[in-house]
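J.: Residue numbers (my numbering), protein chains in the order written: chain A, 9 to 281; chain B, -14 to 252.
Just so it is clear, CB atoms sit at the ideal spot from N, CA and C, and this is done for glycine as well.
Nothing here was measured: the structure is a model prediction, and the numbers come from that model.
1) Apart from the five residues on each side of it in sequence, which residues of its chain come closer than 7 Å, Cβ to Cβ, to residue 251 of chain B?
2) In angstroms with no decimal places, state the Cα-to-Cα distance between residue 49 of chain A and residue 88 of chain B.
3) On a Cα-Cα basis, can you pick out the residue from A/132, A/56, A/116, A/186 that is closest to residue 268 of chain A?
4) List the DSSP bridge partners of residue 228 of chain A.
5) Starting from the Cα of residue 251 of chain A, find the closest Cα among A/45, A/19, A/24 and give me that residue.
6) Confirm, please, whether the CB-CB distance from residue 7 of chain B to residue -3 of chain B is below 8 Å.
7) To which residues of the same chain is residue 225 of chain B closer than 6 Å at the C-beta, ignoring the five residues directly before and after it?
8) Of all the CB atoms in chain A, is at least one closer than 8 Å to the CB of residue 156 of chain B?
9) Roughly how many whole angstroms lie between the Cα atoms of residue 31 of chain A and residue 81 of chain B?
10) Under 8 Å, Cβ to Cβ, is there at least one residue of chain A near residue 159 of chain B?
11) Mind listing the chain B neighbours of residue 325 of chain A? Cutoff is C-beta to C-beta under 9 Å, in chain order.
12) Let me confirm a value: residue 121 of chain A is counted as buried when at least 16 other C-beta atoms fall within 10 Å, else exposed. Which label applies?
13) According to DSSP, is residue 15 of chain A part of a helix, a strand, or is it coil?
14) Between residue 195 of chain B and the rest of its own chain, which residues show a CB-CB distance below 7 Å, the 5 nearest in sequence each way excluded?
15) Per DSSP, residue 208 of chain A forms a beta bridge with which residues?
16) Could you check whether the Cβ of residue 86 of chain A sits closer than 8 Å to any Cβ belonging to chain B?
17) Using a beta-carbon distance cut-off of less than 7 Å, what residues from the region 94 to 124 of chain B approach chain A?
18) If the cut is a Cβ gap below 8 Å, which residues of chain A does residue 178 of chain B touch?
19) Is the beta carbon of residue 103 of chain A sitting closer than 8 Å to the one on residue 145 of chain A?
20) With respect to the beta strand (DSSP E) encompassing residue 24 of chain A, which residues constitute its N-terminal and C-terminal limits?
21) On the criterion of 16 or more Cβ atoms from any shown chain inside 10 Å, does residue 77 of chain B qualify as buried, or is it exposed?
22) Taking 8 Å as the CB-CB limit, is residue 114 of chain A close to chain B?
23) Terminal residues of the continuous beta strand (DSSP E) containing residue 46 of chain A?
24) Could you give the C-beta distance for residue 62 of chain B and residue 210 of chain B, rounded to a whole number, given that I count them as a contact under 8 Å?
25) Find the residues of chain B that neighbour residue 5 of chain A, judging by a C-beta separation of less than 8 Å, and give them in chain order.
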């Protein structure tokens, strides 16, 4: 279970990126974090594993306050938190297998990682994860030889290789097409459910968030302005988060897109026959 | 309705806006050039003598003599090639830690300043100056040359490596850090894969620079083919000197093409 208490972050000489965020994520919950660009979504999830140092507040994962940890303890704590990135953030010149195994870096001594001599259990687990995300045959390919959707699958496998207690997901679908986006979101939510893994997902695509998230938190200018079920995300709530806009037009646009996708699917099937 | 737009356009002056100042500066430059040329003293008799000597040199060049001094030449070449290879290997091995330390995005501030200072000193001193100094310390011969080239390699390679590390993709570093990796693991998994092809390319490039430099620093006593060349010219053996120059040119060209081919192959 993750509990954030009065978390704030201000960058030198700027407006506060986060002000007094208090949030509890129970075990197994998939939480979508929505909000306009610059609302502090990315800062919030990076404060949790301290890729960004929070200014004040507590980040409690289980019994431990991550905000207070020293260097070594922080490394140990980071192992418990898997992270999935917007631009996949794979090491492009390494193989898929090395990328997945890099999820074990916090567990193995330097010589093992340097010589790529990981314990048998880690290697076996890496294969199992690659099989789970459907990339068994790509283990020896270089990461830069994969398509966007495949790269994000490797990113997911890497995060899971850490055997995390929490998943932080930063705009997982921002660089993907609508169909692949849905597949990736489905994969993430399935995996979280399989493992009872809580996740915080930054997502800018509101319809996608409503489709896949169990709970939605809206962030505006560093403050939580909405917290509820996807069904409670009404037009008024969206206006509070994003400001005035014709929300029905956006939903209609999404319906059009789904329609176009279905149409493309039908045509593909027609060709296949 | 018909607005008449201009049909001509000239680029407005970018640097000095005032036309008068512009002409004044142009005039001043021309005046200084004329005065400077006027103060040159040219001793035409010496030019003539030099031309004659140059002619003899060119004649020697056209009839290179590889044979009569072959022992000296081959010894010089082997010395130079040994110096080149050993100094490149040692230089690269020293440059890597210095280069990593001099990258502001991964090194802590105190280490950064130390490493940048090492690079600055190495780059500030030209090879010949270091060679003169080291020859005075360690005596004539290739050992001084080896030290000179190793030191110069650090300035070149560590700087370019550090600059390259500073431009790597930060997302990949962030991702590896988020797994709980230590600093060494982070360097090994996210920095090294991104800079390795360029590091290999630069090392090969430095190998052929070091060969060329080994010929130059030999003239100040640091051994190698440069020393042989200097001796040949001192003895007025222009045919042997011509042979040495041709060999240097040939080896530099082979090294150049070889290393550019290898770099292309690696990237």
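T.: This is what the structure holds:
1) 182, 185, 186
2) Spanning the alpha carbons of residue 49 of chain A and residue 88 of chain B requires a straight line of approximately 30 Å.
3) A/186
4) As a beta-bridge residue in DSSP terms, residue 228 of chain A pairs with A/231.
5) Among A/45, A/19, A/24, the Cα nearest to that of residue 251 of chain A is on A/45.
6) no
7) 50, 54, 217.
8) yes
9) 45 Å
10) Yes, contact with chain A.
11) Residue numbering for chain A in the displayed model covers 9 to 281; residue 325 of chain A lies beyond these limits and cannot be assessed.
12) Buried, because 16 or more other Cβ atoms sit within 10 Å of the Cβ of residue 121 of chain A.
13) strand
14) 69, 72, 73, 134, 138
15) BP columns for residue 208 of chain A point to A/39, A/176.
16) yes
17) none
18) 99, 100, 101, 102
19) Between residue 103 of chain A and residue 145 of chain A, the gap from beta carbon to beta carbon reaches 8 Å or more.
20) 24 to 33
21) buried
22) yes
23) Segment: none, residue 46 of chain A is in no beta strand (DSSP E) and carries neither H nor E.
24) With 8 Å as the limit, residue 62 of chain B and residue 210 of chain B qualify as a contact, their Cβ atoms being about 5 Å apart.
25) With chain A covering only 9 through 281, there is no way to say anything about residue 5 of chain A.
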